Ligand code: GLU
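Residue numbers (the numbering used here): 1 to 528.
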């Protein structure tokens, strides 16, 4: 059987997460590909919360998903928060919708009631376990040995139902059929039905399982394309049969199963544990497990710009066929196409991720960075910066901060790098690397800096160019090479051997701070 979906309907895609924890970067990439496809085709991007498995409910996880999407600029057109014509968008609030479809399937002979207790299911797994079949499944063979509406008489079934006996509804997988569909990334994919077990569709508490709910909601919400992670490929035959059995084949979405994001070293899916092991984030934003209190760092808090995060995710398993690597969201929307998504998994490379961030910081106008930098400096406790307040409302001159950002951004890979690179513009360094000055220090240099401080004190114009000129004149008069004086001066102003041009720094921190810092280091050197 080959099922092909009609292409003439409006593009409507969905991201359908189960809110069970932090959002893995693979999950955000799934959102992104959905979003780009929707925007490219003038369609709708729907966020649906798949929370029918109440045992996996994690407080805060749904809010986290919304915060992550907001941070990335991937705003849904319809969602539990944004509303929409197909509300509610939270499956737990749609419980009443699903039962009728489960019954329709039972009545048509494509599903059945199963009354087996958890103990009986455990027993089945032990009893039928063999070397060839170490984990027996409830399938076309074993269902004949279990307590269900296929093995019990109609009267027995009616009596059990009337007595309110707990039961589930299972799909009746055909014995010998091949289910074939066209995946937009993988091409034709086939499954033999004998390989797939009789999945539960409706649970004893009346809640649908994911399998039933995803099909019913994709149908009711008029989803045209269903893009999801490769881990859902084995479920596709169940879903495709459900579309057929419910009589909706003509409306079935086109499928694309996105390749996995792989570990940088070795094989297999990149996991949170790999990130912990190798020291990089895997989640989009910080996530604190409400049960254990364990905190997992996110890309945002590690100091990534959302533009860089989105850009690097897009290029994990996709490219536009050229060498272009830096894309804005608008460019991605224009360039994106599903047929350029690779079939194979994409190895995650953190060094490359850092490169994207560095490029984005380099290219950003200071104005685009100023609030995030102010927040980062506040987080690091830099004098004058207050968390939650923009640079304008904190005690800092916004113009000054913009100038500093322009001067140092080329040196920053992560937002956190603005702390060492920018803090000394606003506060006297807490420590000075005098150990790097000492080996070549002598009385002549000491005299020189005493002179320099004096000359700076009486200077009328305070501009980088003049400050450099003054230094060179005094050096020449004392027969010193300016080159030998740059390192000590830098350490005096910055605290260490880094930072932009030393006279630019002096100009920005101003006359008093420059002189104070020179004299402070001279006194440290004197006492050593
Ligand atoms: N609820 C599934 C998940 O958590 C969604 C799979 C799908 O998109 O069909 O990934």
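The beta-carbon is built from N, C-alpha and C at its ideal position, and this holds for glycine as well. The structure presented is a predicted model; accordingly, all values stated were derived computationally and were not measured.
Counted within 10 angstroms of its Cβ, other Cβ atoms place residue i as buried (16 or more) or exposed
i	result
residue 57	exposed
residue 221	buried
residue 161	exposed
residue 192	exposed
residue 206	exposed
residue 5	For residue 5, the predicted structure reports a pLDDT of 45, less than 50, and the residue's modelled location is therefore unreliable. The matter cannot be settled from this model.
residue 78	buried
residue 167	buried
residue 566	What the structure shows of the chain is the stretch from 1 to 528, and residue 566 is not part of that stretch, so it cannot be assessed.
residue 484	exposed
residue 123	exposed
residue 300	buried
residue 239	buried
residue 263	buried
residue 12	buried
residue 185	buried
residue 447	exposed
residue 133	exposed
residue 17	buried
residue 442	exposed
residue 10	exposed
residue 169	buried
residue 155	exposed
residue 473	exposed
residue 111	buried
residue 518	buried
residue 43	buried
residue 148	buried
Nearest neighbour of residue i, chosen from the options [CA to CA]
i	options	result
residue 291	59, 44, 250, 374	59
residue 413	353, 486, 335	353
residue 401	433, 388, 368, 429	368
residue 357	467, 337, 410	410
residue 294	92, 22, 132, 271	22
residue 306	16, 258, 255, 29	29
residue 397	370, 308, 338, 39	370
residue 229	110, 42, 183	183
residue 120	491, 143, 110	143
residue 40	375, 248, 330	330
residue 201	171, 180, 195	171
residue 203	70, 130, 118	118
residue 75	96, 115, 15, 187	15
residue 217	248, 196, 501	248
residue 269	26, 164, 336, 128	26
residue 327	362, 312, 386	312
residue 404	501, 233, 234, 520	501
residue 343	150, 189, 176	189
residue 173	235, 451, 80, 457	235
residue 223	85, 423, 457	85
residue 453	424, 513, 430, 408	513
residue 24	36, 280, 126, 522	280
Nearest-angstrom Cβ-Cβ length linking residue i and residue j, presumed shorter than 8 Å
i	j	result
residue 253	residue 225	5 Å
residue 46	residue 62	Not quite, the Cβ-Cβ distance comes to about 15 Å (not below 8 Å), so this is no contact.
residue 54	residue 246	Actually they are not in contact, since the Cβ atoms of residue 54 and residue 246 sit about 24 Å apart, beyond 8 Å.
residue 515	residue 493	Actually they are not in contact, since the Cβ atoms of residue 515 and residue 493 sit about 11 Å apart, beyond 8 Å.
residue 561	residue 438	Here the chain covers residues 1 to 528 and nothing more, so residue 561 does not appear.
residue 532	residue 340	Residue numbering for the chain in the displayed model covers 1 to 528; residue 532 lies beyond these limits and cannot be assessed.
residue 139	residue 198	6 Å
residue 285	residue 34	Not quite, the Cβ-Cβ distance comes to about 19 Å (not below 8 Å), so this is no contact.
residue 426	residue 382	6 Å
residue 346	residue 316	4 Å
residue 227	residue 258	6 Å
residue 215	residue 175	With a Cβ gap of about 22 Å, residue 215 and residue 175 do not count as contacting.
residue 419	residue 380	4 Å
residue 436	residue 505	The pair is not a contact, with the Cβ atoms about 17 Å apart (cut-off 8 Å).
residue 283	residue 303	Wrong, their Cβ atoms sit about 14 Å apart, outside the cutoff.
residue 80	residue 94	No, residue 80 and residue 94 are not in contact; Cβ-Cβ is about 11 Å, not under 8 Å.
residue 489	residue 497	In fact, because the Cβ distance is near 11 Å, the residues do not count as touching under 8 Å.
residue 255	residue 181	6 Å
residue 495	residue 385	The Cβ separation is near 18 Å, so there is no contact.
CB contact below 8 Å: residue i versus chain C
i	result
residue 459	In the displayed structure, chain C is absent; only one protein chain is listed.
The ligand SAM heavy atom lying under 7 Å from the CB of residue i
i	result
residue 214	This structure does not include the ligand SAM; its bound ligands are the ligand GLU.
| message | Ignoring anything shorter than 3 residues, give me the beta strand (DSSP E) runs that lie fully in the segment 147–206, in order along the chain. | response | Under the rule that a run must span 3 or more residues, the beta strand (DSSP E) segments found entirely inside the segment 147–206 read 168–171, 178–183, 187–192, 200–202.
| request: Kindly provide the ranges of any alpha helix (DSSP H) runs that are 4 or more residues long and lie completely inside the segment 32–110, ordered along the chain. | output: As far as the segment 32–110 is concerned, its whole alpha helix (DSSP H) runs of at least 4 residues are 61–72, 95–107.
| query | Whole alpha helix (DSSP H) runs in the segment 496–526 with 4 or more residues, listed along the chain? | reply | Note on the segment 496–526: whole alpha helix (DSSP H) runs with a minimum of 4 residues are 502–509, in chain order.
| task | Enumerate, from N- to C-terminal direction, the unbroken beta strand (DSSP E) stretches of 3 or more residues contained entirely within the segment 245–278. | result | Restricted to the segment 245–278, the beta strand (DSSP E) segments that are unbroken, complete and at least 3 residues in length are 254–258, listed in chain order.
| said: Could you tell me which whole alpha helix (DSSP H) segments of length 4 or greater appear in the segment 447–499? | reply: Every alpha helix (DSSP H) stretch that sits fully inside the segment 447–499 and reaches 4 residues is listed by chain position as 464–477, 482–494.
| If you scan the segment 208–251 from start to end, which runs of the alpha helix (DSSP H) of 4 or more residues do you find wholly inside it? | Complete alpha helix (DSSP H) runs here, min 4: 210–220, 236–245.
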